[in-house]
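For the sequence shown, the numbering used here begins at 39 and goes up steadily by one.
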Amino acid sequence: MQYARSWKFVFDSPHWLGNLALPVLCGLIPVIGPLVMLGYYYAVVESLHLSRGQRYEDFTFERFMAYFMRGLWPFVIQLMLILPLMLVVLTIWLVGIGLGAAFIDDKNVGVVMPLLIAVGSVLYLAVLFGTLVILVPMSLRAGLAQEIALGAAWEFGVDFRRRVQRELLMSLLYNFLMGPVVMLLGALFCCIGIYPANEWLMLSHYHRVGQLYQLYLERGGTEIPLRVEAA
Numbered sequence: 039m040q041y042a043r044s045w046k047f048v049f050d051s052p053h054w055l056g057n058l059a060l061p062v063l064c065g066l067i068p069v070i071g072p073l074v075m076l077g078y079y080y081a082v083v084e085s086l087h088l089s090r091g092q093r094y095e096d097f098t099f100e101r102f103m104a105y106f107m108r109g110l111w112p113f114v115i116q117l118m119l120i121l122p123l124m125l126v127v128l129t130i131w132l133v134g135i136g137l138g139a140a141f142i143d144d145k146n147v148g149v150v151m152p153l154l155i156a157v158g159s160v161l162y163l164a165v166l167f168g169t170l171v172i173l174v175p176m177s178l179r180a181g182l183a184q185e186i187a188l189g190a191a192w193e194f195g196v197d198f199r200r201r202v203q204r205e206l207l208m209s210l211l212y213n214f215l216m217g218p219v220v221m222l223l224g225a226l227f228c229c230i231g232i233y234p235a236n237e238w239l240m241l242s243h244y245h246r247v248g249q250l251y252q253l254y255l256e257r258g259g260t261e262i263p264l265r266v267e268a269a
């Protein structure tokens, strides 16, 4: 995995500033904006895949609807998996806190309640991390094939994790660790820098997703069928 390359590639394009700024503007549009951004990320992954990492697609408003439609498929996959899991974890967390509050006396509440909250928070983060391990390959297939095909996405995800699971786990952990650092650097620029910093972080993440896909194919994985877009 080329971690340094995942940060540097953004500047390969002469239009790198627009590629950082324009998706941020789209993200400000309620509901539609985040889907456009998600679609652009997978367009970047596809262009890197087809060019063997030599170039990536520049963001352009002329492809606004194309990005929106591409982003719709992985969004549906994510919604179908994340929402139920997060509701289950949140319910367990709230029930645990409620039971703790009911059975803990006043003398111990100051010690036990923070412990319960800490355990619940760790559980939430663990489930979130585990969910991402499942979601990344399934969303990748949906974003490149531009279809939901839940059964095919699940099978692809199982095979993907079998071949590149260690690298996938390391990449996600790296993203968790680097996220606060990059956002802090962005905040130093009068807080406005947080937005392009977050975009840079996301592009870096999806570059690594593309790297994982290439590694998966090199290890005998099944190539995702790409949709040919109408001219």
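In this text, a Cβ means the ideal position worked out from N, Cα and C, and glycines have one as well. Note that the coordinates shown come from a computational prediction; the quantities given were computed from them, not determined experimentally.
Restricting to runs no shorter than 4 residues, where is the alpha helix (DSSP H) found entirely within the region 164-233? 188-225
Given a threshold of 16 other Cβ atoms within 10 Å of its Cβ, counted over all protein chains shown, does Pro263 qualify as buried or as exposed? As a first step, residue 263 must be located in the sequence shown, where it is residue number 225. Under this definition Pro263 is an exposed residue.
Three CB pairs or more closer than 8 Å across the region 183-191 and the region 199-213: no
Counted within 10 angstroms of its Cβ, other Cβ atoms place Pro61 as buried (16 or more) or exposed: Translated into positions along the sequence shown, residue 61 becomes position 23. By the 10 Å Cβ count, Pro61 comes out buried.
Just to check my reading of the structure: Ser177 and Ile120 have Cβ atoms closer than 8 Å, yes? What is that Cβ distance to the nearest angstrom? Taking the first residue of the sequence shown as 1, we reach residue 177 at position 139. Taking the first residue of the sequence shown as 1, we reach residue 120 at position 82. Rounded, the Cβ-Cβ distance is 10 Å, inconsistent with contact.
Meets three-Cβ-pair contact criterion under 8 Å: the region 105-114 and the region 71-85: yes
Quick one: Cα of Gly259 to Cα of Arg201, how far? If you number the sequence shown from 1, residue 259 lands on position 221. If you number the sequence shown from 1, residue 201 lands on position 163. The alpha-carbon atoms of Gly259 and Arg201 are separated by roughly 8 Å.
Can you look up Gly91 in the DSSP assignment and give me helix, strand or coil? Taking the sequence shown and counting its residues from 1, one reaches residue 91 at position 53. Residue state, collapsed to three classes: coil.
I'd like the list of long-range same chain contacts for Asp197, defined as Cβ closer than 7 Å, with 5 residues on each side in sequence excluded. Locating residue 197 in the sequence shown gives position 159, counting from the first residue. Only residues of its own chain outside the window of five on either side were considered, and among them Gly259, Thr260 have a CB closer than 7 Å to the CB of Asp197, listed in chain order.
Nearest CA to the CA of Leu117: which residue from Gly91, Phe102, Pro68, Leu73? Taking the sequence shown and counting its residues from 1, the one referred to as residue 117 is at position 79. Out of Gly91, Phe102, Pro68, Leu73, Leu73 has the C-alpha closest to the C-alpha of Leu117.
With 16 as the cutoff for other CB atoms within 10 Å, does Phe47 come out buried or exposed? As a working note, residue 47 is residue 9 in the sequence shown. Buried, since its Cβ has 16 or more Cβ neighbours within 10 Å.
Taking its Cβ as the centre, do 16 or more other Cβ atoms sit within 10 Å of Glu100, making it buried, or is it exposed? Stepping through the sequence shown from its first residue, residue 100 is reached at position 62. That one is exposed.
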